[in-house]
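Asker: Before I ask anything, let me first share the structure, which is written out below as structure tokens.
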Amino acid sequence: MNAMNFVEPEERMALRKAAADLAGKYGHDYYAKKARAGEKTDELWNEAGRLGYLGVNLPEEYGGGGAGIADLAAVLEEFAAAGSPLLLMVVSPAIVGTVLSRFGTPDQKKQWLPGMSDGSKKIVFAITEPDAGSNSHRITTTARRDGGDWVLSGRKVFISGVDEADAVLVVGRTEDAKTGRLKPALFVVPTDTPGFEFTKIDMDIVAPENQFSLFLDDVRLPAEALVGEEDAAIAQLFAGLNPERIMGASFSLGTARYALDKAVGYANERQVWGAPIGSHQGLAHPLAQVKIELELAKLMTQKAASLYDAGDDFASGESANMAKYAAAEVAIRAVDQAVQTHGGNGLATEYGLGSLVTAVRLGRIAPVSREMVLNFVGQHSLGLPKSY
């Protein structure tokens, strides 16, 4: 997909269809049943990995598909549209896989990327801290040298999927870089490392993936745990954050499509006063509005992915933030209107919509809040004075 062609290439359209067919075998009933039982969607994850869908963006020499983030985002969108999104696709192959592919050592790539490509290994991502919030410059997780080792101490919060991960990519700063502009230091920390502990955070979201607080108490790591440079350029961190926003947008887009499809199907079938309820403009117009906003958000997501895959990190950052914003908003609107279209049935478990009311709200908060996106656009796109 390029700037003058708004139709995806045939290869990606074929990938979408194949991913949709796979996820359709599972569907939302499977996803919801697993989530409510406190179980993981391992069957879908493992099959997706075996068929190559989880590593489409990773280098071919390490078992990946050698494609871009646009292709991985398309897979996630189709999974979500089928009612079975895989949140850890945002984290393991997209964020961590991208960072390791671009900045990892040969040994790190050999150790982790093949397993991430086929789904047999998962690495999650830890940046958020309790006292830093959206201000990543206030990260206090600190790494200090001790002989040939690193010793890592700090705390992280709202980290997805630690209980099913083999390792965590932890964002900290070196001991002599505690002040001034952020100079992130990234470390791969296996979850069985002594001193690494995690505690589940109880959430009201019905999802198979759990959220955790991390506690790193003098976690000793070998020198080869460091990814990239000791005083990494900020670009090294954002190599993973832009794909995170693109994938978050795709997650929201797929969920919006799922909700809209359910609403349209119900509006065509449900008869009141001798006519389908979809014939009434009070329902038809809001659904049409969702469709328009969905297509606009999808175009911006595809633009962001295209720019990123072309190597334009700065331009993709602007588009990725806008895409994440637009997709989150339309997902909320789509689910709300789908529930309204169904009436009381919209909150009945069998219709598969009620649990999404809380879930889509997360898109306004993570991976970056709506307000921080607006700050970014105001400052960088419009040239307005910095507000924070």
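Read in order, the letters of the sequence shown are residues 1 to 388 in the UniProt record's numbering.
All residues carry an ideal CB built from backbone N, CA and C; glycine is no exception.
Since this is a predicted model, take the numbers as computed values, not measurements.
What three-state label does DSSP hand V368 in the structure shown?
Answerer: Here V368 sits in coil by DSSP.
Asker: Hey, which unbroken runs of the alpha helix (DSSP H) at 4 residues or more fall wholly within the segment 72 to 148?
Answerer: Runs of the alpha helix (DSSP H) inside the segment 72 to 148: 97 to 103, 106 to 118.
Asker: Contact between the segment 210 to 225 and the segment 322 to 337: three or more CB pairs below 8 Å?
Answerer: No, because fewer than three Cβ pairs between the segment 210 to 225 and the segment 322 to 337 fall closer than 8 Å, the two stretches do not touch.
Asker: Pairing CB atoms from the segment 307 to 315 with CB atoms from the segment 255 to 266, are three or more of them under 8 Å?
Answerer: No, because fewer than three Cβ pairs between the segment 307 to 315 and the segment 255 to 266 fall closer than 8 Å, the two stretches do not touch.
Asker: Mind reading off the beta-carbon distance from R245 to V151? Whole number of angstroms is fine, and I expect it under 8 Å.
Answerer: Not really, about 32 Å apart at Cβ, beyond 8 Å.
Asker: How long is the line joining the alpha carbons of L86 and E10, rounded to whole angstroms?
Answerer: Looking at the two C-alpha atoms, the distance is approximately 24 Å.
Asker: Tell me the residue span of the alpha helix (DSSP H) that contains I292.
Answerer: Run containing I292: 281 to 309, per the alpha helix (DSSP H) assignment.
Asker: Am I right that L237 and V171 are in contact with their C-beta atoms under 8 Å? What's the rounded C-beta distance?
Answerer: Indeed, because the Cβ distance is near 7 Å, the residues count as touching under 8 Å.
Asker: Are the CB atoms of F6 and L241 within a distance shorter than 8 Å?
Answerer: No, these two residues do not count as a Cβ contact at 8 Å.
Asker: On a CA-only basis, which of Q271, L72, L113, K183 is nearest T341? Give me that one, please.
Answerer: T341 has its Cα closest to that of Q271, out of Q271, L72, L113, K183.
Asker: Would you say Q337 and P286 are within 8 Å of each other, going by their C-beta atoms?
Answerer: It is a contact, given that the beta carbons lie within the stated cut-off.
Asker: Short check: CB of F198 to CB of V162, under 8 Å?
Answerer: Yes. Within cutoff.
Asker: Using three-state DSSP, classify D218 as helix, strand or coil.
Answerer: Correct three-state label for D218: strand.
Asker: Which whole-angstrom value describes the C-beta separation of V290 and A334, a residue pair presumed to lie in contact below a C-beta threshold of 8 Å?
Answerer: Sure, about 5 Å apart at Cβ, within 8 Å.
Asker: Is the CB-CB distance between N46 and P93 below 8 Å?
Answerer: No, Cβ-Cβ distance for N46 and P93 is not below 8 Å.
Asker: For K324, does the three-state DSSP call read helix, strand or coil?
Answerer: In this structure, K324 counts as helix in the three-state DSSP scheme.
Asker: What does the alpha-carbon distance come out to for the pair L51 and G147?
Answerer: Each residue's Cα considered, the two are about 44 Å apart.
Asker: Could you please give me the residues that DSSP links to P276 through a beta bridge?
Answerer: According to DSSP, P276 bridges with Q271.
Asker: Taking the C-alpha atoms as reference points, what is the distance between L221 and Q108?
Answerer: In a straight line, the C-alpha of L221 is about 14 Å away from that of Q108.
Asker: Determine the DSSP secondary structure at L384, reduced to helix, strand or coil.
Answerer: In the structure shown, L384 sits in coil (DSSP, three-state: anything other than H, G, I, E or B).
Asker: Counting only the same chain and skipping the five closest in sequence on each side, list residues whose C-beta sits under 7 Å from that of A3.
Answerer: Only weak support is given to the placement of A3: the predicted model assigns it a pLDDT of 47, under 50, and the value that follows is read from those uncertain coordinates. Taken in chain order, the list of residues that qualify is empty.
Asker: Does the segment 201 to 208 touch the segment 26 to 42, meaning 3 or more C-beta pairs lie closer than 8 Å?
Answerer: Result yes; three or more Cβ-Cβ pairs closer than 8 Å.
Asker: Indicate the three-state DSSP secondary structure (helix, strand or coil) for E197 in the structure shown.
Answerer: Three-state DSSP puts E197 in a strand.
Asker: My output table needs one value for residue 422: the three-state DSSP class, helix, strand or coil.
Answerer: Shown here, the chain extends from 1 to 388; a query on residue 422 therefore has no answer.
Asker: Near V75, what residues of its chain come up, given a Cβ to Cβ distance below 6 Å and the 5 sequence neighbours on each side ignored?
Answerer: The residues are A19, Y53.
Asker: Comparing C-alpha positions only, which one of A67, G383, I365, S381 sits nearest to T128?
Answerer: The option with the nearest alpha carbon to T128 is I365.
Asker: Please go through the same chain and pick out, in chain order, the residues whose beta-carbon is closer than 7 Å to the beta-carbon of residue 432, but skip the five residues on each side of it.
Answerer: This structure cannot settle anything about residue 432, because the visible part of the chain is limited to 1 through 388.
Asker: Should A225 and V168 be called a contact, given that it needs their Cβ atoms to be closer than 8 Å?
Answerer: Cβ distance not < 8 Å, so A225 and V168 don't count as in contact.
Asker: Please determine, among K200, A73, K25, the residue with the shortest C-alpha to C-alpha distance to F251.
Answerer: Comparing Cα positions, the closest option is A73.
Asker: Of the residues L356, S387, F79, G248, which one's Cα is nearest the Cα of E371?
Answerer: Selected option, being the one with the closest Cα: S387.
Asker: Answer yes or no: do K110 and A165 have a C-beta to C-beta separation smaller than 8 Å?
Answerer: Not closer than 8 Å, so no.
Asker: Can you find the residues in the same chain that come closer than 8 Å, C-beta to C-beta, to M13, ignoring five residues on each side of it along the sequence?
Answerer: Excluding positions up to five away in sequence, the list is empty.
Asker: Which residues share a DSSP beta bridge with T341?
Answerer: In DSSP, T341 forms no bridge with anything.
Asker: Here's a check: name, in chain order, each residue in its chain whose Cβ is nearer than 6 Å to the Cβ of L260, leaving out the five neighbours to either side.
Answerer: Taken in chain order, the residues that qualify are V290, A334.
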